[in-house]
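There are 4 protein chains.
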Amino acid sequence: MANSKFEYVRQFEQPDNLLRETWIVVRIDGRGFHKLSDRYKFEKPNDRRALDLMNAAAVSVMKDLPDLIIAYGVSDEYSFVFHPNCDLFERRSAKLVTTIVSTFTASYVHQWATFFPDKPLELSNLPTFDGRAVQYPNARILRDYMSWRQVDCHINNLYNTTFWALVLKGGLSNVEAEKELSGTVSSDKNEILFSRFGINYNNEDEIYKKGSVVYRQYQLEDQSSTATATTQAPESQAPPTELSKTQQEKMRKLRRKAQVVVEHVDIIKDDFWQRRPWLLSGKPGKLPVETTQV
Amino acid sequence: MANSKFEYVRQFEQPDNLLRETWIVVRIDGRGFHKLSDRYKFEKPNDRRALDLMNAAAVSVMKDLPDLIIAYGVSDEYSFVFHPNCDLFERRSAKLVTTIVSTFTASYVHQWATFFPDKPLELSNLPTFDGRAVQYPNARILRDYMSWRQVDCHINNLYNTTFWALVLKGGLSNVEAEKELSGTVSSDKNEILFSRFGINYNNEDEIYKKGSVVYRQYQLEDQSSTATATTQAPESQAPPTELSKTQQEKMRKLRRKAQVVVEHVDIIKDDFWQRRPWLLSGKPGKLPVETTQV
Amino acid sequence: MANSKFEYVRQFEQPDNLLRETWIVVRIDGRGFHKLSDRYKFEKPNDRRALDLMNAAAVSVMKDLPDLIIAYGVSDEYSFVFHPNCDLFERRSAKLVTTIVSTFTASYVHQWATFFPDKPLELSNLPTFDGRAVQYPNARILRDYMSWRQVDCHINNLYNTTFWALVLKGGLSNVEAEKELSGTVSSDKNEILFSRFGINYNNEDEIYKKGSVVYRQYQLEDQSSTATATTQAPESQAPPTELSKTQQEKMRKLRRKAQVVVEHVDIIKDDFWQRRPWLLSGKPGKLPVETTQV
Amino acid sequence: MANSKFEYVRQFEQPDNLLRETWIVVRIDGRGFHKLSDRYKFEKPNDRRALDLMNAAAVSVMKDLPDLIIAYGVSDEYSFVFHPNCDLFERRSAKLVTTIVSTFTASYVHQWATFFPDKPLELSNLPTFDGRAVQYPNARILRDYMSWRQVDCHINNLYNTTFWALVLKGGLSNVEAEKELSGTVSSDKNEILFSRFGINYNNEDEIYKKGSVVYRQYQLEDQSSTATATTQAPESQAPPTELSKTQQEKMRKLRRKAQVVVEHVDIIKDDFWQRRPWLLSGKPGKLPVETTQV
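Residue numbers (the UniProt record's numbering), protein chains in the order written: chain A, 1 to 294; chain B, 1 to 294; chain C, 1 to 294; chain D, 1 to 294.
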């Protein structure tokens with residue numbers, strides 16, 4: 001359709017394509033979730049329903065975007081990972097980030113009533129998320145990113161568990177509890193939990209201690225046979241992973257057939273990655289015999 | 001809180017602050033709304049409820065972000081405008097764009113049931129939006145951008161109105177209607193509408209012909225007294241518009257007091273801008289005597 | 001020419017086009033000129049020959065790139081200014097910056113022997129420059145940039161003049177001179193110069209006090225008739241300044257006819273810009289009757 | 001030194017730091033060297049003195065910037081490579097590129113008279129270079145980049161050698177020669193050279209066929225013992241290569257001790273890289289026993 005003399009303004013649009021063959025992580029964070037969790041009275045230190053809702057929204061995103069390899073969530077944040085061979089939206093940063101943020105938000109708001117039937121959402125207090133994309137040049141650094149988030153989960157959860165035990169069970173004020181914990185290390189907090197409140201931190205739910213890992217499930221590899229899977233870096237040995245449009249579409253179809261699972265497991269050690277070689281290789285594995293689509 | 005050896009991965013985050021003293025337009029677009037409008041059986045050529053829902057979501061965004069000066073919506077797209085003196089989120093592009101996209105999405109999904117009580121949303125068909133930020137160096141170009149979108153609205157609406165008249169009232173197939181309109185100019189379409197269907201395009205609803213303008217309302221200026229308001233470019237004459245954090249916060253408070261209005265008016269001619277000098281100046285005007293907060 | 005399987009690496013090249021309709025300043029700085037000025041025994045506080053060589057190199061750049069509007073130099077730095085309507089190299093940042101840096105370097109090295117016939121350059125101590133591009137959205141900010149550099153010139157030169165008077169004429173060590181000047185304001189330094197060394201700072205050479213302005217000379221405007229030239233901001237009133245390739249080439253030819261002049265004058269006050277309206281308008285003026293090409 | 005009200009303009013400077021842990025290639029190209037080679041009557045198809053001057057300038061750059069790992073030159077272009085662990089100038093793109101461009105230009109202009117004593121440079125026809133930085137995420141792609149340039153060298157040189165044989169020895173006009181070569185493949189050109197002019201392309205000088213490789217020389221590794229050196233990708237296995245400022249400075253000192261060599265060898269096959277593992281590892285090797293500084 002022919003257009004107006006004003007159309008020159010399109011020339012002010014600047015490209016924002018991310019560098020090829022890097023891992024792209026889109027991390028989203030709840031905006032003002034401290035206030036929001038007060039408003040809707042989330043349980044402390046962890047509200048299981050709120051976390052389940054986060055995970056449900058993350059599963060929506062994973063299903064909507066088969067190019068995504070894995071996601072990791074903790075508290076009100078979630079990290080979504082694209083493989084270096086991904087060419088979705090020509091890797092335009094704003095397009096990738098806003099698509100994820102919008103899909104996550106829509107799913108979260110839509111499913112709120114399922115998880116919190118007793119707490120209707122208010123128009124003036126809607127949950128929203130912001131996000132950004134970061135590039136990581138190789139699998140080692142991507143794994144360090146994932147490890148960083150899971151270590152953060154552990155550190156924060158141990159702190160929060162102890163803090164809220166002191167407040168809710170120990171009768172301390174927030175300020176007193178903060179003071180009490182100031183300067184303590186992990187073993188101190190474990191000791192406080194155990195000696196004062198009879199809580200063995202190791203017995204806490206895995207979802208709180210490990211966060212949530214979301215990915216497509218294929219047949220797990222036998223550990224011994226794939227011992228080298230992640231110590232050898234796939235992206236540096238393989239030939240160029242550039243895929244044609246057709247190949248990419250075919251890959252997406254394959255991925256849509258896999259079940260998206262949510263687990264609360266260690267992703268810092270090699271084992272997780274070695275048994276799921278499709279994550280770092282970016283190539284769909286074999287569907288488990290019993291797979292049924294979520 | 002002391003952190004892990006993995007924390008170095010933060011250094012891969014790259015800044016994306018937009019250039020200071022430029023107008024920032026964040027344009028969001030519905031993702032796959034063609035399919036969505038089929039799925040939820042939107043009326044053709046325009047579904048009034050869908051447009052009202054878009055506008056309600058835009059009002060939510062304007063209220064949530066007092067830094068926004070004006071917004072313009074047509075069909076499934078909306079453009080939100082920040083003033084050159086805005087320093088929200090240090091003008092970080094991803095933060096600005098995702099905040100708007102998420103707030104818009106949350107409000108749209110949350111209010112869906114109010115506007116479409118008869119059409120429950122399905123989890124697998126949720127409305128989502130993507131977005132991007134574009135910078136315009138001065139008020140002239142910003143106004144050309146706004147004009148571009150409104151001219152586009154007109155061109156598309158005249159086409160769609162005629163197309164759907166041919167299909168729904170004239171009994172043509174989509175392909176036949178497309179063929180019929182191929183090569184026609186505006187006057188041809190007006191003629192088709194009038195002679196075949198008795199439709200005077202000028203009498204169509206303004207919301208369809210002009211789109212929707214959303215902004216904070218202050219006392220309108222008398223036209224004659226401010227004739228120069230927009231022909232003199234504020235940003236080039238004024239001293240640096242850099243505002244301190246405190247000044248910005250004060251400005252936000254003032255803006256929150258103003259009523260956010262939705263109008264369907266011409267924004268191409270000077271009149272609109274001359275009578276509302278606060279839009280281009282970025283300085284809140286006087287509240288109308290009778291103002292009541294929406 | 002058909003090419004190899006390796007050609008995919010070109011896809012890693014990322015665009016770096018600067019925003020349209022902004023002023024582009026490319027500022028270059030001598031690398032390690034403190035050491036260089038020791039090595040070649042530049043005179044203190046100012047070495048006239050070194051400054052003349054800087055200016056000669058800047059004139060080479062201005063002649064090589066007719067798109068340049070004006071340049072300002074002080075000490076071992078030079079700022080080159082492109083107009084918002086410039087589309088040279090599609091405004092690619094690296095291309096603009098490296099072209100200026102290379103042209104400046106080549107001219108400086110080539111002409112060294114003319115200005116310093118007694119000081120042959122050594123391969124291991126060659127003068128080099130780095131550079132960067134910065135965008136300024138309107139004429140007011142561009143002028144503030146130029147003013148910033150000229151104020152800096154004044155502040156530094158007053159300090160250096162006093163410092164070296166204390167050292168060379170007053171017999172102080174560098175450390176003692178630095179201590180003596182610590183905490184002093186301009187009037188203190190003027191007083192030291194006058195009372196101790198009989199130097200009236202106002203009588204120092206203009207090139208040291210004002211730096212060097214390089215631009216294309218056209219017929220000066222009568223001041224009164226153009227009083228509004230710069231208080232009205234050209235870029236915001238004018239219609240889009242987008243020029244076709246042909247128009248740009250024509251503009252370049254016109255500019256090549258003008259004489260490039262080097263002056264040591266005030267560029268902070270309005271007068272300089274009002275009498276030379278072609279600088280901010282970006283449109284070549286009338287050639288002076290007596291013009292002869294440099 | 002306290003500064004003026006104009007200093008706010010610094011806030012318009014935007015960061016341009018390149019992504020960490022990627023290979024950075026700065027490629028520079030002669031500006032208008034077609035015209036320049038006419039002006040100074042360079043020999044066709046290759047002017048040995050011009051190439052030697054290019055290489056001499058490249059050696060200057062390598063010595064000036066010990067962070068550089070390797071460089072590859074052909075015709076009037078040169079590519080300089082920084083290792084992923086390089087943090088020079090905080091990886092600011094403009095700073096890296098302009099430093100290389102300026103150092104190369106200064107050395108080229110300064111040494112011109114040594115290589116072309118019979119052809120004095122003219123101020124209005126100085127050799128200049130532009131440049132840009134490109135990021136490559138891993139060693140495989142970096143090697144593909146290097147291979148791309150060397151294949152290009154071969155393709156162009158075979159064409160040019162045949163073209164100029166047809167013109168200079170065969171008496172064809174430029175247009176006739178171009179026509180003659182249109183559509184030919186490598187074997188055709190080899191055949192033309194051999195059958196018509198008795199030239200065996202394989203006997204041409206290596207510098208013309210292979211281009212020039214510049215790097216720091218250490219003790220070559222025995223090929224068999226390091227067979228895996230490059231098939232295993234160093235950057236993905238190694239722990240983070242982040243180096244402290246002190247470590248970097250130490251590394252630079254070590255590198256300055258090595259001899260910078262210029263060779264004309266194959267860099268496409270593995271052999272070159274396997275025997276010089278310091279190139280991809282970024283860690284200085286052992287100095288050869290007989291090393292003497294260039």
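Backbone N, C-alpha and C define an ideal beta-carbon position, used for all residues, glycine too.
In the three-state DSSP reduction, Glu-249 (chain B) falls in the helix class (H, G or I). The DSSP-derived three-state label of Leu-181 (chain A) is helix. In the structure shown, the three-state DSSP call for Val-134 (chain A) is strand. For Leu-96 (chain D), the enclosing alpha helix (DSSP H) has its first and last residue at 93-115.
Rounded to whole angstroms, the separation of the alpha carbons of Tyr-208 (chain D) and Asn-156 (chain D) is 10 angstroms.
Using a CB distance cut-off of 8 angstroms, Pro-127 (chain B) counts as an interface residue toward chain A. Residues of chain C with a Cβ closer than 9 angstroms to the Cβ of Asn-17 (chain A) are, in chain order, Gln-14, Pro-15. Leu-88 (chain C) and Asp-67 (chain C) do touch by the CB rule: their CB atoms are close to 4 angstroms apart, below 8 angstroms. Residues of chain D with a Cβ closer than 7 angstroms to the Cβ of Gln-135 (chain A) are, in chain order, Leu-19. Contact annotation: in the stretch 252-285 of chain C, no residue has its CB less than 7 angstroms from a CB in chain D.
Look at Asn-85 (chain C): its C-beta is not under 8 angstroms from any C-beta on chain B.
Nearest CB-CB separation between Ile-70 (chain C) and chain B: not below the 8 angstroms threshold. Of all alpha-carbon atoms in C:Phe-115, C:Ala-106, C:Lys-41, the one lying nearest the alpha-carbon of Glu-122 (chain D) is that of C:Ala-106. Assigned with DSSP and collapsed to three states, Asn-85 (chain D) falls in coil, not helix or strand. Among the bridge pairs identified by DSSP, Ile-70 (chain C) is matched with C:Val-81, C:Tyr-215.
Going by C-alpha positions, Leu-166 (chain D) is about 6 angstroms away from Ala-177 (chain D). Under the 8 angstroms criterion on CB atoms, Lys-95 (chain B) is classed as interfacial with respect to chain A.
Nearest in C-alpha terms to Phe-80 (chain A), of all of A:Thr-184, A:Asp-38, A:Asp-29, A:Arg-10, is A:Asp-29. Taking C-beta separations shorter than 7 angstroms and ignoring five residues to either side along the sequence, the partners of Arg-255 (chain A) in its chain run Pro-66, Arg-216, Pro-284, following chain order. Between the stretch 136-156 of chain A and the stretch 167-176 of chain A there are fewer than three C-beta pairs closer than 8 angstroms, too few to call the two in contact. Note on geometry: alpha-carbon atoms of Val-101 (chain C) and Val-262 (chain C) lie some 19 angstroms from one another. Comparing C-alpha distances from Val-265 (chain D) to each of D:Arg-276, D:Gln-135, D:Ala-258 shows the shortest one belongs to D:Arg-276.
Distances from the alpha-carbon of Arg-196 (chain A) to those of A:Val-214, A:Phe-163, A:Gln-111, A:Val-74 put A:Phe-163 closest. Counted as a single uninterrupted DSSP element, the alpha helix (DSSP H) harbouring Glu-191 (chain B) occupies residues 186-197. Of the residues D:Val-97, D:Thr-246, D:Lys-41, the one whose Cα lies closest to the Cα of Asp-118 (chain D) is D:Lys-41.
A distance below 7 angstroms between beta-carbons, with the five flanking residues on each side excluded, links Trp-278 (chain A) to the following residues of its chain, in chain order: Tyr-218, Pro-284, Gly-285. Nearest C-alpha to Asp-38 (chain C) among C:Asn-125, C:Ile-70, C:Glu-21: C:Asn-125. In the displayed model, Asp-144 (chain B) falls within a helix according to three-state DSSP. For the pair of segments examined, the stretch 9-28 of chain A was found to touch the stretch 134-143 of chain B: the number of CB pairs separated by less than 8 angstroms reaches three. The distance from the Cβ of Val-289 (chain C) to that of Ile-70 (chain C) is about 23 angstroms, inconsistent with a contact at the 8 angstroms cut-off. Taking each of D:Asp-76, D:Leu-96, D:Val-74, D:Gly-73 in turn and checking the Cα distance to Phe-82 (chain D), the smallest one comes out for D:Leu-96.
In this structure the stretch 243-251 of chain D does not touch the stretch 55-63 of chain D; the number of beta carbon pairs closer than 8 angstroms is below three. Residue-level contact check: Thr-22 (chain B) touches chain C, since one or more beta carbons of chain C fall below 8 angstroms from its beta carbon.
Secondary structure note for Arg-27 (chain B): it is in no alpha helix (DSSP H), and the uninterrupted beta strand (DSSP E) holding it is 23-30.
The DSSP-derived three-state label of Val-262 (chain D) is strand. Annotated three-state conformation of Asn-46 (chain A) is coil, per DSSP.
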